[in-house]
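Residue numbers (the working numbering): 2 to 140.
Heads up, the beta-carbon is just placed ideally off N, CA and C, and yes, glycines get one too.
For clarity, every value in this text was computed on a predicted model and none was experimentally measured.
To start, the structure itself, in structure tokens.
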Amino acid sequence: MLQCVLTGRAQEAYSSLNTEDSSGYATIKSAVLKAYELVPEAYRQRFRSWEKRSGQTYMEFARDLTGHFRRWLAALEVTTFEGLCDLVVLEQFKDMLPGYIATYVSEKQCVTAAGAAASADEYLLLHKGGRWCASGVAH
């Protein structure tokens, strides 16, 4: 019945689910959101890259920016001050990493800076073919 009201990518995502998965709301919602790339990383990118449009007031811009930020937090299920602190520190930590290590850490889906640090160290251990300097580049 739901398939009748879905269109485009949402319908394709729903159709790709097996019979058991297509009866669970959470599974359907997750599949549809992924089809539209409405996952935490997409919300983060939208928040970080949002710019004021021509003709838009600063009040409207601030409201849009706040909305994108809240969607990003909701997608990550951040509901506490502690969770927000973890997110901010994690973002700053990943921004300081060399790109290839940041990619590895992101793929591990770490939710704290401590977890990201452990993954970064793991990457270096797994890829130690050369000497590592302070910048993390092999020589």
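The shortest C-alpha to C-alpha distance from residue 114 to any of 121, 91, 124 is the one to 91.
Shown here for residue 72: same chain residues with a beta carbon closer than 6 Å to its own, the five before and five after excluded, namely 44 in chain order. In this structure, residue 102 places its C-beta atom within 7 Å of the C-beta atom of residue 121.
When DSSP states are grouped into helix, strand and coil, residue 79 belongs to the coil group. In the three-state DSSP reduction, residue 128 falls in the coil class, being neither helix nor strand. DSSP places residue 54 in the coil class of the three-state scheme, outside both helix and strand. Residues 120, 121, 124 of the same chain have their beta carbon placed closer than 8 Å to that of residue 105, with the five preceding and five following residues left out of the count. Judged by beta-carbon spacing, residue 94 lies beyond the 7 Å limit of residue 63, meaning their Cβ atoms are not closer than that value.
Counting other Cβ atoms within 10 Å of its Cβ, residue 96 stays below 16 and is therefore classed as exposed.
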